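Read the structure below first, then the notes.
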Amino acid sequence: MSGSLDQFLRDHERLTRRFFLGLSGAAAATLSQSSLFGAESKRAPKLQEAIDKLESWLTLQDDFRDVSRGKPKPHSLPDEKRKEVGLLRDTWQLEVVSDKENPARLRKEFKKEDNTAFTFKDLMQMAQTRAVRFPKVMTCLNIGCPLGNGIWEGVPLRDVLWLTQPRENLRRVFYEGFHNEDPEQLFQSSLPVGRILEDPFDLPPVVLCYKLNGDWLTPERGGPVRVVVPEGYGFKSIKWLQKITLTNLHNANDTYAKGKNDVDRPLKSFAATLSIPDTVKPNEPIPVTGYAQVGISGVSKVQVWVHDESKELEPGDKYHEKAPWQDAEILDPPAKWGGGLADNRIPSPTMSFDPQTGQPKTWPIRLSKIHWAALLPGLPEGEYTFRSRTVDDKGYGQPLPRPFRKSGHAAIEKVTIRVKA
Ligand SMILES: Nc1nc2c(c(=O)[nH]1)N[C@H]1C(S)=C(S)[C@@H](COP(=O)(O)O)O[C@H]1N2
Ligand SMILES: [Mo]
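In this text, residue positions in the sequence shown follow my numbering: the first is 67, and each later residue adds one.
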């Protein structure tokens with residue numbers, strides 16, 4: 067890493083002058099090379115303090131934000147009731163059937179009525195040889211901010227699908243959770259069968275998930291079994307899974323298609339702040355930390371930009387592509403993963419991690435999360451807007467290449483900073 071503390075501070079001074087006190091476009095362009103960080107040992111104490119307070123990389127199961135529909139919510143039912151309706155590991159049953167209206171030709175179905183439904187014991191049997199684990203951030207398409215980052219364990223859904231011995235006319239797979247036996251409360255999602263049978267672009271498989279961060283999936287997280295779609299927004303990962311329907315229909319009919327949601331697109335990359343002071347003294351460097359969701363196209367950079375509110379924004383530059391963005395520091399993999407992992411060890415094997423060292427094979431890990439930090443140079447008195455953004459592996463700055471809200475949040479976050487003596 068470059069530079070001593072002195073160099074770092076000199077850089078800042080230079081940046082302060084050039085960047086914030088009215089500089090030419092050309093001068094600003096050279097700044098995109100500079101970054102607002104130094105080696106770890108040389109970090110300004112205020113910045114290090116903020117980094118030390120960051121949330122952990124993995125989220126405890128109980129700390130995930132809950133997005134559950136249902137009246138009552140299935141996980142809030144008394145144990146007796148959950149036992150009765152198949153929401154305990156002992157009583158869980160999964161039906162896998164052909165769609166009556168648009169049948170897929172199967173040799174076998176798994177049904178409650180003839181006692182052939184798939185059980186948790188069956189699932190565990192398969193898990194002995196077929197279980198996979200991978201990290202994934204769970205994000206609601208409509209909330210935008212991640213609900214939690216976890217290591218999900220499950221059996222590939224295709225393994226169960228093949229047990230039906232499908233012959234032909236199978237194009238799509240619908241799957242639904244327990245919904246209080248009330249059709250009004252049905253919550254379902256779907257995938258083209260091809261996504262389940264094959265994992266394109268080195269994605270992890272779509273799984274029937276029963277563990278999160280090494281522990282049984284809790285009722286709130288959708289236990290005993292939920293679907294987890296690695297690249298999908300949360301609504302694809304149906305909780306309290308009870309029924310899978312194999313159909314010859316070609317189109318999605320996800321519950322989430324209502325509300326104008328785009329139900330077919332994968333996670334986007336975006337950055338957001340976690341700590342930033344709202345008021346600071348003039349000419350005092352400003353420590354900022356944040357996270358970035360690593361979408362399907364990765365994150366090559368996190369960048370920040372401070373705009374003086376007394377100045378105009380570049381006209382017609384809707385996504386601030388011409389702004390003088392500067393690189394923030396993408397933090398290395400953490401020393402402690404969090405999430406309640408036993409011995410702070412990523413279970414082995416876990417996709418994207420080296421089974422020997424337990425360290426990530428690449429960083430950032432796609433479809434997960436990273437943290438970043440920047441020390442902004444001190445500013446003269448005034449009011450400023452701080453923005454952060456990701457740049458993906460193809461060089462697109464957030465919210466591009468898919469700027470529309472209904473395929474997932476990627477709008478550039480704005481935070482006001484007041485500088486006052
Ligand atoms: N059965 C069922 N599954 C569901 C939901 C639901 O309401 N019912 N909500 C979905 C939505 S919209 C999201 S964002 C995720 C949230 O997962 P979490 O509650 O584990 O954070 O679960 C999905 N799975
Ligand atoms: Mo959601």
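Glycine is no exception: its CB is placed at the ideal position from the N, C-alpha and C atoms. Given the structure is predicted, the values throughout are model-derived calculations rather than measurements.
- Task: Going by DSSP, name the residue or residues bridged to residue 209.
- Result: As a working note, residue 209 is residue 143 in the sequence shown. In the DSSP output, where bridge partners are listed per residue, residue 209 has none listed.
- Message: At a threshold of 8 Å, does residue 207 count as lining ligand 2 (C-beta to nearest heavy atom)?
- Response: Taking the sequence shown and counting its residues from 1, one reaches residue 207 at position 141. Under cutoff, so the answer is yes.
- Message: Using a Cβ-Cβ cutoff of less than 6 Å, which residues in the same chain neighbour residue 224 once the five nearest sequence positions on both sides are dropped?
- Response: Along the sequence shown, read from residue 1 onward, the residue named residue 224 stands at position 158. For residue 224, same chain residues with a beta-carbon under 6 Å away, outside a window of 5 residues either side, are 262 and 263 in chain order.
- Item | Under 9 Å between C-beta atoms of residue 407 and residue 209 | Taking the first residue of the sequence shown as 1, we reach residue 407 at position 341. Taking the first residue of the sequence shown as 1, we reach residue 209 at position 143. Contact check for residue 407 against residue 209 fails: the beta carbons are separated by 9 Å or more.
- Indicate whether residue 12 and residue 353 have their beta-carbon atoms separated by less than 9 Å. This structure gives no information on residue 12, because the portion of the chain shown stretches from 67 to 487.
- Task: Could you pull out every residue in the same chain whose Cβ sits closer than 8 Å to the Cβ of residue 468, ignoring the five residues on either side in sequence?
- Result: For this step, residue 468 is matched to residue 402 along the sequence shown. Excluding residues within five positions, the ones whose Cβ falls inside 8 Å are 331, 334, 474 and 476.
- Item | Alpha-carbon spacing of residue 115 relative to residue 198, whole angstroms | Taking the sequence shown and counting its residues from 1, one reaches residue 115 at position 49. Taking the sequence shown and counting its residues from 1, one reaches residue 198 at position 132. About 37 Å.
- Where are the alpha helix (DSSP H) runs, 4 residues long or more, that stay fully inside the stretch 432-468, in chain order? List check, alpha helix (DSSP H) in window: nothing returned.
- Any idea which residues DSSP pairs residue 109 with across the strands? Position 43 of the sequence shown, counting from 1, holds the residue named residue 109. None, per the DSSP bridge assignment.
- Task: Please report the Cβ distance between residue 281 and residue 214, rounded to the nearest whole angstrom; I am assuming they are in contact, meaning their Cβ atoms lie under 8 Å.
- Result: Here the question's residue 281 lines up with position 215 in the sequence shown. Here the question's residue 214 lines up with position 148 in the sequence shown. Not really, about 13 Å apart at Cβ, beyond 8 Å.
- Taking the alpha-carbon positions, what's the residue 265 to residue 271 distance? Your numbering for residue 265 matches position 199 in the sequence shown. Your numbering for residue 271 matches position 205 in the sequence shown. Straight through space, the alpha carbons of residue 271 and residue 265 are spaced by roughly 6 Å.
- Item | Beta-carbon proximity check, residue 314 vs residue 169, cutoff 9 Å | Working through the sequence shown from its first residue, we reach residue 314 at position 248. Working through the sequence shown from its first residue, we reach residue 169 at position 103. Between residue 314 and residue 169, the CB-CB gap stays under 9 Å.
- Message: Let me check understanding here. Comparing Cα to Cα, which of 152, 324 and 201 lies closest to residue 429?
- Response: Here residue 429 refers to the residue found at position 363 of the sequence shown. Taking only the C-alpha atoms, the option nearest residue 429 is 201.
- Task: Measure from the alpha carbon of residue 206 to the alpha carbon of each residue in 322, 148 and 146, then state which is nearest.
- Result: The count along the sequence shown starts at 1 and reaches residue 206 at position 140. The option with the nearest alpha carbon to residue 206 is 322.
- Comparing the CB of residue 133 with every heavy atom of ligand 2, is any distance shorter than 8 Å? For the purposes of this step, residue 133 is taken as the residue at position 67 of the sequence shown. Yes.
- Query: Which runs of the beta strand (DSSP E) fall wholly inside the stretch 272-329 and span at least 3 residues, in chain order?
  - Reply: Within the stretch 272-329, the runs of beta strand (DSSP E) at least 3 residues long that lie entirely inside it are, in chain order, 273-278, 292-294 and 307-313.
- Item | Nearest residue (CA-CA) to residue 306, options 212, 417, 222 and 157 | Your numbering for residue 306 matches position 240 in the sequence shown. When the alpha-carbon of residue 306 is set against those of 212, 417, 222 and 157, the nearest one is in 157.
- Message: Applying the 10 Å Cβ sphere with the 16-neighbour rule, what's the burial state of residue 228?
- Response: Mapped onto the sequence shown, residue 228 falls at position 162. Flag for residue 228 reads exposed.
- Message: Is residue 175 close to ligand 3? I mean its beta-carbon at under 8 Å from any heavy atom of the ligand.
- Response: Ligands present in the displayed structure are limited to ligand 1 and ligand 2, and ligand 3 is not among them.
- Query: So, using beta-carbon positions, are residue 310 and residue 241 closer together than 9 Å?
  - Reply: Here residue 310 refers to the residue found at position 244 of the sequence shown. Here residue 241 refers to the residue found at position 175 of the sequence shown. Going by C-beta atoms, residue 310 is nearer than 9 Å to residue 241.
- Below 9 Å between beta carbons: does that hold for residue 403 and residue 455? Within the sequence shown, numbered from 1, the residue matching residue 403 stands at position 337. Within the sequence shown, numbered from 1, the residue matching residue 455 stands at position 389. At a Cβ-Cβ threshold of 9 Å, residue 403 and residue 455 do not count as neighbours.
- Looking at C-alpha atoms only, which residue of 417, 445, 356 and 420 is the closest neighbour of residue 453? Position 387 of the sequence shown, counted from the start, is the residue given in the question as residue 453. Ranking the options by Cα distance to residue 453, first place goes to 356.
- Message: Could you check if residue 148 belongs to the surroundings of ligand 1, using beta carbon to heavy atom distance under 8 Å?
- Response: Here residue 148 corresponds to residue number 82 of the sequence shown, with the count starting at 1. Checking every heavy atom of ligand 1 against the Cβ of residue 148, none is found closer than 8 Å.
- Query: Is it the case that the CB of residue 488 approaches a heavy atom of ligand 2 more closely than 8 Å?
  - Reply: Because the chain here runs from 67 to 487, residue 488 falls outside it and cannot be looked at.
- Query: Hey, would you say residue 382 sits closer than 9 Å to residue 458, going by beta carbons?
  - Reply: Indexing the sequence shown from 1 puts residue 382 at position 316. Indexing the sequence shown from 1 puts residue 458 at position 392. Judged by their CB atoms, residue 382 and residue 458 are not nearer to each other than the 9 Å cut-off.
- Alpha-carbon to alpha-carbon, residue 375 and residue 254: Translated into positions along the sequence shown, residue 254 becomes position 188. Translated into positions along the sequence shown, residue 375 becomes position 309. The straight-line gap from Cα to Cα measures roughly 46 Å.
- Task: Check whether the Cβ atoms of residue 284 and residue 483 lie closer than 9 Å to each other.
- Result: Looking up residue 284 in the sequence shown gives position 218. Looking up residue 483 in the sequence shown gives position 417. In this structure, residue 483 does not lie closer than 9 Å to residue 284 by Cβ.
- Message: According to DSSP, is residue 93 part of a helix, a strand, or is it coil?
- Response: Stepping through the sequence shown from its first residue, residue 93 is reached at position 27. Confidence in residue 93 is poor, its pLDDT being 38 and thus under 50, which makes the residue's placement unreliable; the coordinate value appears in the next sentence. Three-state DSSP puts residue 93 in a helix.
- Task: Kindly list the residues whose CB is nearer than 7 Å to the CB of residue 203, restricted to its own chain and excluding five residues on each side of it in sequence; keep chain order.
- Result: Residue 203 sits at position 137 when you count from the first residue of the sequence shown. The answer, listed in chain order, is 212, 215, 359, 433, 434 and 435.
- Query: For the putative contact between residue 472 and residue 320, defined by C-beta atoms under 8 Å, what is the C-beta separation to the nearest angstrom?
  - Reply: Numbered from 1 along the sequence shown, position 406 holds the residue referred to as residue 472. Numbered from 1 along the sequence shown, position 254 holds the residue referred to as residue 320. Actually they do not touch by this definition, with Cβ atoms about 13 Å apart.
- So which of 257, 302, 222 and 246 has the shortest CA-CA distance to residue 273? Within the sequence shown, residue 273 is the residue found at index 207, counting from 1. Taking only the C-alpha atoms, the option nearest residue 273 is 222.
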